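Peer 1:
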Amino acid sequence: MSLFKARDWWSTTLGEHEEFDLGCLCVADVDNSGSGNDKIIIGSYKGILRVYSPQPSKPGATAQPEELILEIQLQDPILQVEVGKFVSGTELLHLAVLHPRKLSVFAVSGTMGTVEHGNQYQLKLMYEHNLQRTACNLTYGGFGGIKGRDLMCIQSMDGMLIFFEQESYSFGRYLPGFLLPGPLKYSSRSDSFITVSSSRQVENYKYQVLAVATDAETKQNSEQQKLGSGKKLTKDWIVNIGEQALDICIVSFMQAASSIFVLGERNLFCFKENGQLRFMKKMEYSPSCFLPYGSVSEGTINTLIGNHNNMLLIYQDVTLKWAAQLSHISVAVRVANFQDLKCVVVTLSDSGHLQCSYLGTDPSLFQAPKVESRELNYEEMDGELKELQRVIREAIKSQGILPQIKEDDLNVTILVSPNLDEIPVTIWSRLAVQNVKLSVCVLPPLAVTQDKFTFAEVAGTSRCVILSVFLKRSFPPAELGGDAAVSYSTQTGIPRIAHCKFSLPLKLVCQQSQPSKNATNKITIETNKPPVNLLALFPDFLGQSDDDQINVLGLKLFSGATTTVLASKTSRRYRVQCDQFEDLWLITKEIVQRLQENFASQGTQDFMCKFPGPIPLLEYFELIDKHFELRLNAEKYKELLSERAVQFRAIQRRLLTHFKDKTPTPLRNLDTLLDGTYRQLIALADAAEENQTDLCQAFTRLKSATQLIVLLISLWQGLSKDQVIILEAAFLPLIQDTQELGWEESVDAAIVHLLRNCLSKSSKDQALSFTSQLAMPKDTSRLKKHMTLLCDRLSKGAQLSLTTDSTQQTITIPGKLTTEQGECSLDTVL
Amino acid sequence: MDPLFMACSYFRRRKFQLCAEICTALLEKNPYDQAAWSLKTRALTEMVYVDEVDIDQEGIAEVILDDNAIAQIARPGTSLKHPTTSQAGGPSPAVRPMSQAGRPISGFVRPGTSSGRPGTMEQAIKTPRTASTARPVTSASGRYVRLGTASMLTNPDGPFIHLSRLNISKYAGKPYLAKTLFEYIFHHENDVKSVSLFHQYFLSFSSIKLFNLAALATEHSQFKDWWWKVQLGKCYYRLGLHREAEKQFKSALKQQEMVDIFLYLSKVYIRLDQPLTVLVLLKEGLDHFPGEVTLLTGIARIHDEMNDIVSATEYYKDVLKQDNTNVEAIACIGSNHFYSDQPEIALRFYRRLLQMGVYNCQLFNNLGLCCFYAQQYDLTLSSFERALSLAVNDEEVADVWYNLGHIAVGIGDMTLAYQCFKLALANNNDHAEAYNNLAVLEMRKGHHEQAKGFLQTAASLAPHMYEPHYNFAALSDKVGDLQSSYVAAQKSAAAFPEHVNTRQLIKQLQQHFSML
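Protein chains in written order, with this note's numbering: chain A, 4 to 833; chain B, 755 to 1270.
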């Protein structure tokens, strides 16, 4: 994140597929030209040594061939290049090149030609040392306070420091506790070597101590010598920094005391010479390289840090002074002076991008991409907007959520065959559709063999699956029907749904049995047409019979009571009787339906069924009470469970405190208590689950009874189809009831609404308390009262209709309504 | 070229995959190569490394089973749980919206912004858990994973280090191996197994291992290595033993002052709900490390959480003096200016972010809003257009549409506003503010039942907002349902006691009631 980018002064790309790292970049006047003109020396892991002398004609120019003054392929990979006074007898700068097994020192010299491209540079090998061990890095300096020449120290991969006094080998020392090589630097002020070891400490070794310590060559015998010789390698000081380091730099400038900079993986440290921390800076990025340099202000040191987010940051001590965007992740950074420009930042990326840049206020390259925009044609857009608004208005008016589809792309058909074994479901699609999912749903206690089918694609053909429905639980169902829904997406990706209802034959749940004479619950249905033979009505049950006139039929619901149907011989009445009130429903409905079908097939138009009344509300209320009691039980179980859970957690917490205690104390039977509570919890959960099953059964029974009541009311009052729909909606609002939103409260609210609006007679009725919040009632007396009232009103001839609904809702709010417009959520960034 | 040297070089350049591959090859040749083993361990750790300071997600289990007794009713201004609502200069909720925890919305999403501890387990489970507010059931659910790295670590032949076979006391004696091993177990092993069923077991197991390792190593170093003490403290912290963690961190701090230790210790105190101690501690840290950005940010965050916006802004400004590219500070100051009615200045801060290369939906959203309030109408819509094109999820789209709706209200185009709010809801049907505003529009149209429904939805989605409650009260009052009006007004007053209109409404209602 930076405002500016580093301004490109000169840049080039080195080689192809070559790798570079920290040691590969060095900046110095290596050919001793004396002009103060730095050259950039770069060695690659492929062994190519290059020397550049950038002289761009204008800032930002690419490299010209003559600026590459030297390029030579060496035999071994180059790990590090350094420039120093490495040759004895002269103070001229020479180039040291570190290979894995060799250290070479070269002299670079140039012969000036008459024209610029006539300049010649040569590399002359001064001397080389072959190394016994694989080298890792190199540091140099006037070890032991020598002036005017540089000695070299190589750290090997296995932790040996190898010292060379220019052309001659002096000695080698093992670092104690070594595992992996860290950065190594020589500090001339204290004449010591500083490294960061694998135990994450900055360690300082005096050159003196190293020189007199046990020789590395005799390390094999060091076990024996350890006791005797007092020349153990000791550290001058150590500082634990708790992380590995990337690089170390030791600087001493005029304005500030000499300090040791350590670039860790997450922090930048600055130490005094004696190992005291001067300051540290926690970095919120991963650094890649750094370089301290002198600052203009007194007592501070500037640091250049490159990081893995392509940034170059400049700190004055710990304060960020400048941040610039680079075009690459730099692995090495140096500051160089060139002919016409001082202090150029030279950075090298690991793929060989070499850049000389300076800081400037060029904005960072980032440009927000343009939003796709088209030529604006206002007239067209106006038209489009109007059209869209018309569509929206219509959509709002019609209140329908889904647009009406004229023709379906896909059809589902279900043919229920009378043999009950298999129900074929056929999906037929006109066009190719994708992602077709068929789900078949029946309400418990019925179940299907497989309820979900998935097809990847249905294209212009039909698919057929076969399933069967069976009775799973031991109570009769509330309805003999099911739903099949298919969800699919069209070619354009619009999701669609097609669905289809199916009804199952009565035979699925009952069989013929011995009729019983007496039963507690009886329902009589009158018709206005002569009675029909039961044989004609129930051919599927009475199949082959000798009698041609049957008046009595016993039907036993599986896992239910026996229902008896009696048809009067003379009067136009039918009677259905059963011991269980709710079991009457399926049979009654079947009779009414079959009667209607029968007469419709005979071509009779004005067939009417009638229920003489009164509505058997008492039996119905019993069922409501039973259902409600179970709900109360569920509530009780829930409370108990949460109580026990609280207790359980309290005990857990106690135990935790006990275990955490430093001095172990007896548990004081807390574990037994925990165990007991746990068992209680499980038992309660089991009971609650059982209650849930019972509740499900009770709700199914209640649903049967409710449907029966609705049927009876409609027969009783001869309600029209619309009115029956309203009534059904009021009585059966839920497919399934839950603890939060149960049947009782929703029905109560619906009935109260009906009573207040379309069934109200006087304004007094509007005082009927109407709770805005649907909550579980305390008892069912209110509901019962309202139901009775509803029946009463209906019997007195009130009309069920919703058209009068809005008459009382015309109070408008005058203009000034103080409203809080919410707020603008000013969003969070990042 | 020496392979180990190459591996080191790759490690330096953060090419951990390459580094691990070379080390694996080396280890195949020589399984007892400690250097390669150590380097591979480090590379694997570094792949999944997340700064422990930045992680602070409290899971439900941690919250509930936390047995550190914390004063339930703290004195005002000493607790993060009950921040004082009306500090001098703090914005009122009428101006600055609240987050779900009842704090003003902050300008920057950072770990723990949405905290706010639920009272009981039941409450915690029942609180509406939309995608944006979901709290993990336990913090051990592998949220430490950086995306896209865990998959790389699937090892064909089992885990790299078998923790169960580790002879910990052997490693504790070797400082150069032990630290690497510890970090590996702490960062790496904690998340690879996050999905498995055995996770809980495994976590406790590895924690114990970690713990043993740290404890043993501390002993080995004769209690002189602050690093091990910090690690021990980190383990204690993860195990929820905050007091013990505090002890370790303090002891480490005595040995050597480090920025990280201050931050860890402040985390412990935040968990212990002692914001004032955190402030003292961080200021002490600043004495040692003047101008340390992380410490300054820590102080600013605490002030922010305590609703002391003025001080928070002061510290954020200090942060910017030290590091003028700090996105968090710029964003927070910007949003603060916006909510204190200086959209032009906020605009400058956001523009700065844009110039720095932040390029996302939220920024353009904020720019659009600032432009609108600063009356630069020409840029408003194009900013929102960009925000829409940059939105990555439905919540962001919803927020942009919501703000667009707001602007439509501002320019008086009610149809557009209606459609915008509808679109906001279509993208995020938990958007309580959109429900509220939609209700207001419905009210204007005279659809009171619908308005009521929307308001109730808004109130149930965001019980901390006072607007739906107040609107509901006002509406009920108008249609004569004084009882509901009174109840809703009470709720509104509870959410925002200083709201003048609510107070007036209650007073008026009380007069009505006394007259009756």
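All C-beta atoms, glycine included, are put in the ideal place defined by N, C-alpha and C.
Given the structure is predicted, the values throughout are model-derived calculations rather than measurements.
1) Give a yes or no on whether the C-beta atoms belonging to B:S1137 and B:L1121 are separated by under 8 Å.
2) In chain A, what lies closer than 7 Å to B:A789 by C-beta?
3) Based on the DSSP secondary-structure assignment, which residues constitute the bridge partners of B:G1039?
4) So which of A:N313, A:Q695, A:I304, A:A459 has the shortest CA-CA distance to A:Q319?
5) Measuring only between beta-carbons, confirm whether A:G18 sits less than 8 Å from chain B.
6) For a test of the three-state rule: what should DSSP assign to B:F1250, helix, strand or coil?
7) Ends of the alpha helix (DSSP H) at A:E19?
8) Is there contact between the segment 152–162 of chain A and the segment 132–143 of chain A, where contact requires at least three CB pairs shorter than 8 Å?
9) Can you list, in chain order, the residues of its chain with a C-beta nearer than 6 Å to that of A:C359? Leave out the 5 residues immediately preceding and following it.
10) Output needed for A:N340: all residues of its chain with C-beta closer than 7 Å, excluding positions within five of it in sequence on either side, in chain order.
11) Note down, in chain order, all residues in the segment 649–664 of chain A with a beta-carbon under 9 Å from any beta-carbon belonging to chain B.
12) Beta-carbon of B:Y955 versus every beta-carbon of chain A: anything under 8 Å?
13) Please state whether DSSP places B:H1218 in a helix, a strand or coil.
14) Is the Cβ of A:T322 closer than 8 Å to any Cβ of chain B?
15) Quick check on the DSSP output: the beta strand (DSSP E) that includes A:S492 runs from which residue to which?
16) Quick check: what's the CA-CA separation for A:P1 versus B:A761?
17) Do you know whose CA, among B:A1152, B:A1162, B:R1198, B:A1171, lies nearest B:A1186's CA?
18) Determine the burial state of A:A1: buried for a count of at least 16 other Cβ atoms within 10 Å of its Cβ, exposed for fewer.
19) Is there a Cβ of chain B sitting closer than 8 Å to that of A:M779, yes or no?
20) Kindly indicate if chain A contains any beta-carbon less than 8 Å away from that of B:W1155.
21) Taking 6 Å as the limit between beta carbons, can you name the residues of its chain near B:F1226, skipping five residues before and five after?
22) Please report the distance separating the alpha-carbon of B:M755 from that of A:I44.
23) Hey, B:L1179 and B:A1188: beta-carbon distance below 8 Å or not?
24) Select from A:A690, A:K592, A:R682, A:L698 the residue whose C-alpha is nearest the C-alpha of A:L633.
25) Going along the chain, which residues of its own chain have a beta-carbon closer than 6 Å to the beta-carbon of A:K209, five neighbours each way excluded?
26) Determine the burial state of A:S473: buried for a count of at least 16 other Cβ atoms within 10 Å of its Cβ, exposed for fewer.
27) Which stretch, first to last residue, makes up the beta strand (DSSP E) that contains A:F702?
28) Buried or exposed for A:T237, please, with buried defined as at least 16 other CB atoms from any protein chain shown within 10 angstroms of its CB.
29) Look up A:R192 in the DSSP assignment and say whether it is helix, strand or coil.
30) Cβ of A:E226 less than 8 Å from any chain B Cβ?
31) Can you check whether the CB of B:L1074 is closer than 8 Å to the CB of B:A1066?
32) Just to confirm my understanding: we take B:E1059, look at its own chain, exclude 5 residues before and 5 after, and list those with CB closer than 6 Å. What are they?
33) Answer with yes or no whether the minimum CB distance from B:V1013 to chain A is below 8 Å.
34) With burial defined as no fewer than 16 other Cβ atoms inside 10 Å of the residue's Cβ, what is the status of B:I1015: buried or exposed?
35) Under 8 Å, Cβ to Cβ, is there at least one residue of chain D near A:R647?
36) Apart from the five residues just before and just after B:N1190, which ones in its own chain have a Cβ nearer than 6 Å to its Cβ?
Peer 2: In terms of the structure at hand:
1) Working through the second sequence from its first residue, we reach residue 1137 of chain B at position 383. Working through the second sequence from its first residue, we reach residue 1121 of chain B at position 367. It is a contact, given that the beta carbons lie within the stated cut-off.
2) Numbered from its first residue, the second sequence carries residue 789 of chain B at position 35. In chain order: L182, L183.
3) Translated into positions along the second sequence, residue 1039 of chain B becomes position 285. None; B:G1039 has no bridge partner.
4) Counting from 1 along the first sequence, the entry for residue 319 of chain A is found at position 316. For A:Q319, the closest alpha carbon among the candidates A:N313, A:Q695, A:I304, A:A459 is that of A:I304.
5) On the first sequence, position 15 is the one that residue 18 of chain A refers to. No, its Cβ sits nowhere closer than 8 Å to a Cβ of chain B.
6) Counting from one through the second sequence, the residue named residue 1250 of chain B turns up at place 496. The answer is coil: DSSP assigns B:F1250 none of H, G, I, E or B.
7) Working through the first sequence from its first residue, we reach residue 19 of chain A at position 16. Neither: A:E19 is in no alpha helix (DSSP H) and is coded neither H nor E.
8) yes
9) Locating residue 359 of chain A in the first sequence gives position 356, where the first residue counts as 1. Excluding positions up to five away in sequence, the list reads W12, W13, P57, V347, V349.
10) Counted from its first residue, the first sequence places residue 340 of chain A at position 337. Cβ neighbours of A:N340 beyond the five flanking positions: G39, D41, C346.
11) V649, R652, Q655, R656, R657, L659, T660, K663
12) Within the second sequence, numbered from 1, the residue matching residue 955 of chain B stands at position 201. Confidence is the limiting factor: at B:Y955 the pLDDT is only 36, short of 50, which leaves the residue's position unreliable, though a coordinate-based value still follows. So, not an interface residue.
13) Residue mapping note: residue 1218 of chain B aligns to position 464 of the second sequence, counting from 1. DSSP places B:H1218 in coil when its eight states are reduced to three.
14) As a first step, residue 322 of chain A is located in the first sequence; it is residue number 319 there, counting from the start. Output row for A:T322: interface = yes.
15) Within the first sequence, numbered from 1, the residue matching residue 492 of chain A stands at position 489. Here the beta strand (DSSP E) through A:S492 covers 484–492.
16) The displayed coordinates of chain A run from 4 to 833. Any statement about residue 1 of chain A would go beyond what the structure contains.
17) One-based indexing of the second sequence puts residue 1186 of chain B at position 432. Of the candidates B:A1152, B:A1162, B:R1198, B:A1171, the one whose C-alpha sits nearest the C-alpha of B:A1186 is B:A1152.
18) No information on residue 1 of chain A is available, as it lies outside the stretch 4 to 833 that chain A covers here.
19) To locate residue 779 of chain A, count along the first sequence from 1; it is residue 776. By this cut-off, A:M779 is not an interface position.
20) Residue numbering aside, residue 1155 of chain B sits at position 401 when the second sequence is read from its first letter. No, B:W1155 lies away from the interface with chain A (no Cβ there is under 8 Å from its Cβ).
21) Translated into the one-based positions of the second sequence, residue 1226 of chain B becomes position 472. For B:F1226, where only same-chain residues beyond five positions count, the Cβ hits under 6 Å are L1209, A1242.
22) What you label residue 755 of chain B is simply residue 1 of the second sequence in a count that begins at 1. What you label residue 44 of chain A is simply residue 41 of the first sequence in a count that begins at 1. In a straight line, the C-alpha of B:M755 is about 21 Å away from that of A:I44.
23) The residue you call residue 1179 of chain B lines up with position 425 of the second sequence. The residue you call residue 1188 of chain B lines up with position 434 of the second sequence. One thing to note: B:L1179 has its Cβ within 8 Å of the Cβ of B:A1188.
24) Looking up residue 633 of chain A in the first sequence gives position 630. The shortest Cα separation from A:L633 among A:A690, A:K592, A:R682, A:L698 belongs to A:L698.
25) The residue you call residue 209 of chain A lines up with position 206 of the first sequence. If we look at A:K209 and ignore the five residues flanking it on each side, its Cβ neighbours are S195, D239.
26) Walking along the first sequence from the start, residue 473 of chain A turns up at place 470. Note that residue 473 of chain A is Phe in the sequence shown here, rather than Ser. Answer is exposed; the Cβ neighbour count stays below 16.
27) The residue labelled residue 702 of chain A in the question sits at position 699 within the first sequence. Note, A:F702: premise wrong, no beta strand (DSSP E); alpha helix (DSSP H) at 673–720.
28) For the purposes of this step, residue 237 of chain A is identified with residue 234 of the first sequence, where counting begins at 1. By the Cβ-count criterion, A:T237 is exposed, with fewer than 16 other Cβ atoms from all chains shown falling within 10 Å of its own Cβ.
29) Reading the first sequence from its first residue, position 189 is the one you call residue 192 of chain A. Correct three-state label for A:R192: coil.
30) Along the first sequence, one-based indexing puts residue 226 of chain A at 223. Model confidence at A:E226 stands at a pLDDT of 44, short of 50, so the residue's coordinates are unreliable; what they give is reported in the following sentence. Output row for A:E226: interface = no.
31) Position 312 of the second sequence holds residue 1066 of chain B. Position 320 of the second sequence holds residue 1074 of chain B. Not closer than 8 Å, so no.
32) What you label residue 1059 of chain B is simply residue 305 of the second sequence in a count that begins at 1. Only L834 meet the Cβ criterion.
33) On the second sequence, residue 1013 of chain B is found 259 positions in, with the first residue counted as 1. Yes, B:V1013 counts as interfacial toward chain A.
34) For the purposes of this step, residue 1015 of chain B is taken as the residue at position 261 of the second sequence. Label assigned to B:I1015: buried.
35) The structure shown contains no chain D; its protein chains are A and B.
36) Here residue 1190 of chain B is taken as the residue at index 436 of the second sequence, counted from 1. If we look at B:N1190 and ignore the five residues flanking it on each side, its Cβ neighbours are A1212, E1221, P1222.
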